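Protein chains in written order, with this note's numbering: chain S, 1 to 307; chain U, 1001 to 1366.
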């Protein structure tokens, strides 16, 4: 496919899948509240319209440049993450180190989310920003090791080669822990579900506390975009890319992305919010050894199967 | 029909409501929460997010000051509603939505706000702004120099909203004269020792009465060292006793507040529905069953102090027992609360307050 078409198509897919995740989320919400599932209920348009119509606001002596940069940064990071995901046969950025690129983009989020919290010059926003850093310190190492496992199995950091190496046996079968930890970390870096303490309502919205109007819309859209980008990346890494019988590759890839996305949406409201200090315990004491063990097992499998 | 009108009508279909619970008006708060659940409207976590400000009853003098600050912190379009009886809640909400959709009125409101501030700024008159001495924590609003009123004529997102200037919580007892001109007239924070002996910035913060799920009229004035509370004072604004209610319903209400504070909004919703169903029936059984199986919830509540001793897991069990009409619900104790939150960070403190507060001294049954 022409490289020129690929970037807009990718962004379109990002938007479309984000929309699907929002609609699915609203459907679950409506069902839990006992309301009927009508179009008026499921449509996210009223929420978007509300934010478009709302005026922006600011605080005493904010750091406006950093604040707004952080706010827009979430969407940018999500789009950049998507750049290394193969779409059909082609990929926007054919990097030999695609997995490292993804990791670098999610590390950028540390800066962006913290800047949103710090730039607002508000106590609650700042505490939200620091909560995000505490959470990030807990999930970053497990995420890195979870990303290492498929790379070891494929002997390459290039995403397309990881897909190719999954020929008959998908990575999720070989390394389920890495898959589970990866999904957990996708939720964590998107401030999703049990990891939304940095934007928690106990802190008047945390990093979202002082934002309104378009700034808020950018942040909320960024969160959804990040979940989509994470789900999209999980497919080539763990679920065999576009492999599958009968249907063309791009259909399978889309279906698998949708499945992972819906899984994340279902988890979103079911679990209580994890306090960052409790999660730090889990991250370091449980997840780091588990993922290291996973990488060890994967390496042993690679050695055992080496010709 | 213009694009603006169409957008405005879509925008008011699901407004976010900032609920102001008033001490002594617990049935009104329940009615308002049930109405919001029914309509499917979200509860705003901060004035920045809110479109509608709903007062559950007539706030007393101290609480009214906070409400004014919150009102000023709401960006337009905004609407205000007061419900004096449980029947008035839904009509008040609908009237507020009509007010929101009125584009001309909202533009007028925006123009008036900015004009008032500009004239106050011109006169150099800081007293023109509603200065609430106990200000709640999310009233950090800007104080920007003169902007043309034409900017405010647009209801769209171009105009920067200048909600009222309210000094950040830092200025209470930090009168360190640095001789330095900090932006916005803020002062440097002083250093205080925290629990590990580090000298971190001390910040006086008022965790205000309008935080979501916070009990009516409760304000927690804390001294933060870093983000750990080193000193706390519990202040009850305009305290008034609530009308009595069956303990099962009070326990369900306490459960709803606690579950909302832990972030399990689905559980909180079920608790509120069980409460609306008068505390018996399938909704209640469903809730209790889910609570029994909620292992992650129990893990996250371990180790936090609860009213009546023990930790929050025990408190959860006591509330579940109270829903089944078994006695043993502890009484609330503000002095104990002030002691319990010391040494906790803001998030855990919010959980502890959520557990302490809906209980009233009248509830104690032994």
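Where is the CB? At the ideal position from N, CA and C, for every residue including glycine.
None of the values given here were measured: they were computed from a predicted structure.
Indicate the three-state DSSP secondary structure (helix, strand or coil) for residue i in the structure shown.
{"i": "residue 1167 of chain U", "result": "Reliability of the predicted coordinates at residue 1167 of chain U is poor, the pLDDT of 34 falling under 50, and the value obtained from them is presented with this limitation in mind. It is coil, neither helix nor strand."}
{"i": "residue 1238 of chain U", "result": "coil"}
{"i": "residue 1221 of chain U", "result": "strand"}
{"i": "residue 1021 of chain U", "result": "strand"}
{"i": "residue 1345 of chain U", "result": "strand"}
{"i": "residue 1197 of chain U", "result": "coil"}
{"i": "residue 311 of chain S", "result": "Within the shown structure, residues of chain S are numbered from 1 to 307, placing residue 311 of chain S beyond reach of any answer."}
{"i": "residue 1081 of chain U", "result": "strand"}
{"i": "residue 90 of chain S", "result": "strand"}
{"i": "residue 1043 of chain U", "result": "strand"}
{"i": "residue 1054 of chain U", "result": "strand"}
{"i": "residue 1230 of chain U", "result": "strand"}
{"i": "residue 1202 of chain U", "result": "strand"}
{"i": "residue 8 of chain S", "result": "helix"}
{"i": "residue 998 of chain U", "result": "No answer is possible for residue 998 of chain U: it lies beyond the span of chain U, which begins at 1001 and ends at 1366."}
{"i": "residue 1192 of chain U", "result": "strand"}
{"i": "residue 1015 of chain U", "result": "coil"}
{"i": "residue 97 of chain S", "result": "coil"}
{"i": "residue 34 of chain S", "result": "coil"}
{"i": "residue 252 of chain S", "result": "helix"}
{"i": "residue 1332 of chain U", "result": "coil"}
{"i": "residue 211 of chain S", "result": "coil"}
Using a Cβ-Cβ cut-off of 7 Å, state whether residue i counts as contacting chain U.
{"i": "residue 76 of chain S", "result": "no"}
{"i": "residue 55 of chain S", "result": "yes"}
{"i": "residue 161 of chain S", "result": "no"}
{"i": "residue 260 of chain S", "result": "no"}
{"i": "residue 271 of chain S", "result": "yes"}
{"i": "residue 25 of chain S", "result": "no"}
{"i": "residue 110 of chain S", "result": "no"}
{"i": "residue 45 of chain S", "result": "yes"}
{"i": "residue 210 of chain S", "result": "yes"}
{"i": "residue 205 of chain S", "result": "yes"}
{"i": "residue 278 of chain S", "result": "yes"}
{"i": "residue 181 of chain S", "result": "no"}
7 Å is my cut-off, CB to CB: does residue i come that close to chain S?
{"i": "residue 1030 of chain U", "result": "no"}
{"i": "residue 1268 of chain U", "result": "no"}
{"i": "residue 1007 of chain U", "result": "yes"}
{"i": "residue 1013 of chain U", "result": "yes"}
{"i": "residue 1206 of chain U", "result": "no"}
{"i": "residue 1306 of chain U", "result": "no"}
{"i": "residue 1256 of chain U", "result": "no"}
{"i": "residue 1262 of chain U", "result": "yes"}
{"i": "residue 1347 of chain U", "result": "yes"}
{"i": "residue 1227 of chain U", "result": "yes"}
{"i": "residue 1160 of chain U", "result": "Caution is warranted here: a pLDDT of 34 is assigned to residue 1160 of chain U, below 50, making its placement in the model unreliable, and no coordinate value can be reported."}
{"i": "residue 1280 of chain U", "result": "no"}
{"i": "residue 1096 of chain U", "result": "no"}
Relative to the alpha-carbon of residue i, which residue among the options has its alpha-carbon at the smallest distance?
{"i": "residue 1097 of chain U", "options": "U:1039, U:1114 and U:1112", "result": "U:1039"}
{"i": "residue 1271 of chain U", "options": "U:1316, U:1239 and U:1012", "result": "U:1316"}
{"i": "residue 76 of chain S", "options": "S:88, S:111 and S:59", "result": "S:111"}
{"i": "residue 68 of chain S", "options": "S:211, S:147, S:14 and S:109", "result": "S:211"}
{"i": "residue 1085 of chain U", "options": "U:1055, U:1071, U:1103 and U:1113", "result": "U:1055"}
{"i": "residue 1300 of chain U", "options": "S:301, S:302 and S:275", "result": "S:275"}
{"i": "residue 1004 of chain U", "options": "U:1091, U:1032, U:1058 and U:1101", "result": "U:1101"}
{"i": "residue 200 of chain S", "options": "U:1219, U:1289 and U:1346", "result": "U:1346"}
{"i": "residue 232 of chain S", "options": "S:94, S:71 and S:259", "result": "S:259"}
{"i": "residue 1228 of chain U", "options": "U:1065, U:1246 and U:1199", "result": "U:1199"}
{"i": "residue 14 of chain S", "options": "S:38, S:287, S:236 and S:87", "result": "S:87"}
{"i": "residue 57 of chain S", "options": "S:267, S:220, S:300 and S:215", "result": "S:215"}
{"i": "residue 1067 of chain U", "options": "U:1226, U:1032, U:1290 and U:1018", "result": "U:1018"}
{"i": "residue 148 of chain S", "options": "S:242, S:99 and S:23", "result": "S:99"}
Going by the DSSP bridge assignment, what does residue i pair with across the sheet?
{"i": "residue 1305 of chain U", "result": "U:1311"}
{"i": "residue 1207 of chain U", "result": "U:1220"}
- Message: Does the segment 1068-1082 of chain U come into contact with the segment 1103-1113 of chain U, if we say contact requires no fewer than three beta-carbon pairs (one atom in each stretch) closer than 8 Å?
- Response: yes
- Message: When you compare the segment 18-27 of chain S with the segment 219-228 of chain S, are there three or more beta-carbon pairs, one atom per stretch, that lie closer than 8 Å?
- Response: yes
- Contact between the segment 86-105 of chain S and the segment 47-58 of chain S: three or more CB pairs below 8 Å? no
- Per the contact definition of three or more C-beta pairs closer than 8 Å, is the segment 1007-1024 of chain U in contact with the segment 282-297 of chain S? no
- Below 8 Å, can you find three or more Cβ-Cβ pairs linking the segment 187-200 of chain S to the segment 29-39 of chain S? no
- Message: Three Cβ pairs or more, each shorter than 8 Å: is that satisfied between the segment 1324-1334 of chain U and the segment 1298-1305 of chain U?
- Response: no
- With contact counted as at least three CB pairs below 8 Å, one residue from each stretch, are the segment 268-286 of chain S and the segment 133-143 of chain S in contact? yes
- Query: Is it true that the segment 1210-1222 of chain U meets the segment 1253-1263 of chain U, where meeting means three or more beta-carbon pairs spaced less than 8 Å apart?
  - Reply: yes
- For the segment 126-133 of chain S and the segment 141-159 of chain S, state whether three or more C-beta atom pairs, one from each stretch, are separated by less than 8 Å. no
- Message: Under 8 Å, with one C-beta from each stretch per pair, do the segment 57-71 of chain S and the segment 115-124 of chain S reach the 3-pair mark?
- Response: yes
- Task: Report yes or no: do three or more beta-carbon pairs, one from the segment 1061-1071 of chain U and one from the segment 1220-1240 of chain U, lie closer than 8 Å?
- Result: yes
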